[in-house]
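Residue numbers (UniProt numbering): 1 to 960.
Built from N, CA and C at the ideal position, the CB exists for glycine as well.
Data block below; observations after.
Spelled out as structure tokens, the structure:
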């Protein structure tokens, strides 16, 4: 530094101020680069030099300030120098006459010293505050204001002395309120109006000392005609009320309350701003009479004000509810119209929900407890009212009451009593499409398990078993459907599960014995309810084991009974063996198994696997079957039994990883043989999935290698020729997926085999669709929920290994099979995480665009689904192909397939995210083309067309 100063001597001592300025500028730039290396003595001499230069010609001031900013960053700054620098700046520099960048430099110097020399600056007392006020006074640039507002807030929060300058500090900041700033287009600094608003609000709400100046200003702005000024004032007032106390607010409460009440009563959008800070006012006297008006015009605004005030503190809540709740209950009984009662009950509900916020009810304070009987009476009357809307509000109120501590929903004099929830048992309050009552029952059941078990569950069971001759079959099915849903909804406690599960299983047995054509649909409904119960009791070990013991053997027994029936009872066995029903039973058994402890799972698997391998039925209830159960034996008559492999799959593929499966090698061989030889597609597919699920969890080693080699030896001949090529391909797909998920080395060989099949005329389209299976999440097997071995980023690895092969195969394929490669590529890209896809987009986009010309609708839909997010995430790359994209998307809006038309319109909509200059040449053409789908026969297509066309109309408009 000494050598540099000596070398600059001629410039620094030159009589020309411009030459001196250039010398100081160079020195300051060097200091900014090496300030951390300076010694204390060097810093001292440089500070004295720069302070002296502040008195020099005004052309030199910007360079001097840059040097001082560098010195303010020095760790070797001696005590007292920070104060000396700031005093020099306050005395010698008229900051607001400088350019924006130079003013920013001054703010940076102050910020640096406040961060590192706080105690020294506090030693200046109020002089530092006064000096900063002079620096900031008149600032207009938003970049500088963001820093200045932060400095003011730090002055207050860090307890710098404000002295007699509180009002001056308030004036120098409040002059910007409310913020009126519109950022210029393409602003590189990114400062928005909201940023300035929040920064200023943080200043104004930072200290109660501003209250006497700020509150009159807020009242004035709240009476303004500008909506933005009103909203800003209300939000600032909300922030201030969290800091100000009663002492600061007391004087202005009447005026504030008057302004707030006027705003809310005007029923404008601003009424939604929180008013909790006004709890110090007296809202009761002003709002009480509105609650009693016959026309009820101002009921809602008044209730919202009262609820906002009640949310301020527990004490305020008690005072308001003591006065208002009896009045609301009186008004409810006074009015007879359901609409008026609903309004009053919704207001009452608002106060009940506030009680949830404050927690436990103290008996000596709570108005709610003293009014318990009256409130229950009102809620009961709402539950039985003919008006569905009033019923729904009553159900919500009932749910809240049930969750309140210290609140009893039982009648006096009964140990468990009669919970009012029995009033919402069927059929009155389970209207089709309404979930409110069932949600209420589910939330209340854990609090009153005995009442639900003893009263509601039996009534629901009676409804299921009743047969009303006067009702049509559709109405009866609808009622039974709601009863099944209700039984599942209330099964949120183990003791209730023990009551509901037998009811559901008994209903399932009754349905199985029926002979109507709708049996399959009813069985599926029961299975859906059983599945919901299983999910709700998974976290409770006792309930989970009870459910498993009760449900799994029962379902297996019923299915085995149906499968072993002789031809003399065809109708009995038909429903339970349908693909739809077995598919619905799979998630029930899976959910009942996934959360078992390893010990209990091992106990269960020791029964289920011998059932399928050896026909061991002794553990099943009602185990007297017409013939032996041998699903893996040969013979056409055993085809119904083979379909039950789906249930075996649901069980063994959901077991925890560390559970040992008895006779696993034999089971795998049997599944392998069945998957390759069975003529039933459903059975072959489930056997393949079961085999894949077991292979995925099988410990690595010689046994696994032997099984996989055996599978390859069975698959390869089957894929080449024969009647079971589709079955062999299905097995190949599922085994490949099982190995890809766990990064097994053989997965590469199997994937190459799959890639080779894309050029097969017969199997190519199916193999191409199989790539979606490899990449997508499987709902029943091979996912983390059933403890499958799923490695992280397997999709990215599959993409890296195989997409280059797909591209190469596409270029070398014949015209008749190119579509297979495009379909495969589209499926892989569609399931790839979008950040990964964006990086590979330039090399793959041409193939995706070519895929849009493919006549296969699956390829079109998959490609459109892939392109839509890319238009939003990679606009610059997509802009290079705008002409092709517009042409393809508009063409596909006329596709015969509705799903393709919708996807094409969504992509056309997403195009508007591209740069405006790219879109303008196509605007008129797109708007004309999108007029046609406005008349599409499908409503969903018309909806997308309206959204897309409206956005294209706005392309190029100001402010977009």
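Next on the checklist: Judging by CA-CA distance, which residue of 193, 176, 174 is the nearest neighbour of residue 183?
Outcome noted: Nearest C-alpha to residue 183: 193.
Checklist entry - Is residue 713 helix, strand or coil by DSSP? => result Residue 713: helix per DSSP, three-state reduction.
Next on the checklist: Short of 8 Å in beta carbon distance, which residues of its chain neighbour residue 620, apart from the five on each side in sequence? Order them along the chain.
Outcome noted: 553, 556, 557, 560, 611, listed in sequence order.
Checklist entry - So which of 579, 854, 589 has the shortest CA-CA distance to residue 641? => result By alpha-carbon distance to residue 641, the top candidate from 579, 854, 589 is 579.
Item to check | Nearest-angstrom Cα separation, counted from residue 315 out to residue 401 | outcome: Across the structure, residue 401 and residue 315 are spaced so that their CA atoms are roughly 20 Å apart.
Checklist entry - In its own chain, which residues sit with a C-beta less than 7 Å from the C-beta of residue 144, not counting the 5 before and 5 after it? => result Result list for residue 144: 100, 103, 104, 107, in chain order.
Checklist entry - Whole alpha helix (DSSP H) runs in the region 156-197 with 4 or more residues, listed along the chain? => result The region 156-197 contains these whole alpha helix (DSSP H) runs: 166-174.
Checklist entry - Cα separation between residue 916 and residue 909? => result Approximately 13 Å between the Cα atoms of the pair.
Next on the checklist: Would residue 68 and residue 109 qualify as a contact pair, given that the criterion is a beta-carbon distance under 7 Å?
Outcome noted: Yes, they are a contact pair.
Next on the checklist: Taking the alpha carbon of residue 602 as the reference point, which residue from 682, 142, 22, 655 has its own alpha carbon closest?
Outcome noted: The shortest C-alpha separation from residue 602 is found at 655.
Item to check | Exposed unless 16 or more other CB atoms sit within 10 angstroms - verdict on residue 802 | outcome: Counting Cβ neighbours within 10 Å, residue 802 comes out buried, since at least 16 surround it.
Checklist entry - For residue 859, which residues from the same chain have a beta carbon less than 8 Å from its beta carbon, with the 5 sequence-adjacent residues on both sides left out? => result Only 819, 822, 823, 826, 851 meet the Cβ criterion.
Checklist entry - According to DSSP, is residue 38 helix, strand or coil? => result Coil, per DSSP.
Next on the checklist: The alpha helix (DSSP H) that contains residue 216, what's its start and end?
Outcome noted: Where residue 216 is concerned, the enclosing alpha helix (DSSP H) starts and stops at 211-222.
Item to check | residue 347, DSSP secondary structure in three states | outcome: Under the three-state reduction of DSSP, residue 347 is assigned to helix.
Next on the checklist: Starting from residue 442, trace the alpha helix (DSSP H) in both directions and tell me its first and last residue.
Outcome noted: Taken as a continuous stretch (DSSP letters only), the alpha helix (DSSP H) holding residue 442 covers 436-444.
Checklist entry - In whole angstroms, what separates the C-alpha of residue 279 from that of residue 152? => result With a pLDDT of only 46 at residue 279, under the threshold of 50, the placement of this residue in the model should not be trusted, and no figure is reported.
Item to check | Between the CA atoms of residue 347 and residue 866 - distance to the nearest angstrom | outcome: Those two C-alpha atoms are separated by around 48 Å.
Next on the checklist: For residue 57, which residues in the same chain have their Cβ closer than 6 Å to its Cβ, ignoring the five residues on either side in sequence?
Outcome noted: Apart from sequence neighbours up to five positions away, the residues of its chain that approach residue 57 with a beta-carbon distance below 6 Å are 17, ordered along the chain.
Checklist entry - Which two residues bound the contiguous alpha helix (DSSP H) that contains residue 544? => result That run of the alpha helix (DSSP H) goes 541-563.
Next on the checklist: Can you tell me whether residue 938 is buried or exposed? The criterion is at least 16 other CB atoms within 10 Å of its CB, across all chains shown.
Outcome noted: Per the 10 Å Cβ criterion, exposed.
Item to check | Sequence-distant residues of its chain with Cβ nearer than 6 Å to residue 63 (five each side left out) | outcome: Annotation for residue 63: 21, 24, 25, 28 place their beta carbon closer than 6 Å to its own, counting only its chain and skipping 5 residues before and after.
Next on the checklist: Quick check on DSSP: helix, strand or coil for residue 949?
Outcome noted: Looking at residue 949 - three-state DSSP - the assignment turns out to be helix.
Item to check | Distance, residue 122 Cα to residue 242 Cα | outcome: Cα to Cα, residue 242 sits roughly 27 Å from residue 122.
Checklist entry - Going by other Cβ atoms of all chains shown within 10 Å of its Cβ, with 16 needed for buried, is residue 4 buried or exposed? => result Burial call: exposed.
Item to check | residue 975 and residue 739 closer than 7 Å at C-beta | outcome: The first residue shown for the chain is 1 and the last is 960, placing residue 975 beyond what the model contains.
Checklist entry - What's the gap between the Cα of residue 941 and the Cα of residue 901? => result If I take the Cα positions, the gap works out to 7 Å.
Checklist entry - Is residue 883 helix, strand or coil when you go by DSSP? => result Residue state, collapsed to three classes: helix.
Checklist entry - Could you give the distance in angstroms between the alpha-carbon of residue 636 and the alpha-carbon of residue 875? => result Rounded to whole angstroms, residue 636 and residue 875 show a C-alpha spacing of 59 Å.
Item to check | C-alpha gap between residue 784 and residue 645, whole angstroms | outcome: About 22 Å.
Checklist entry - Would you say residue 692 and residue 735 are within 7 Å of each other, going by their C-beta atoms? => result At the C-beta level, residue 692 and residue 735 come within 7 Å of one another.
Checklist entry - With residue 73 and residue 112 assumed to form a contact (beta carbons below 8 Å), what rounded beta-carbon distance in angstroms separates them? => result Indeed they touch by this definition, with Cβ atoms about 6 Å apart.
Next on the checklist: To the nearest angstrom, how far is the alpha carbon of residue 270 from that of residue 229?
Outcome noted: Note on residue 270: pLDDT 41, under 50, position unreliable in the model; no value is reported.
Item to check | Delimiting residues of the alpha helix (DSSP H) encompassing residue 15 | outcome: That residue, residue 15, is in no alpha helix (DSSP H); it is neither H nor E in DSSP.
Checklist entry - So residue 564 and residue 626 are in contact, right, with Cβ under 8 Å, and what is the actual spacing, rounded? => result Contact holds; Cβ gap of about 5 Å.
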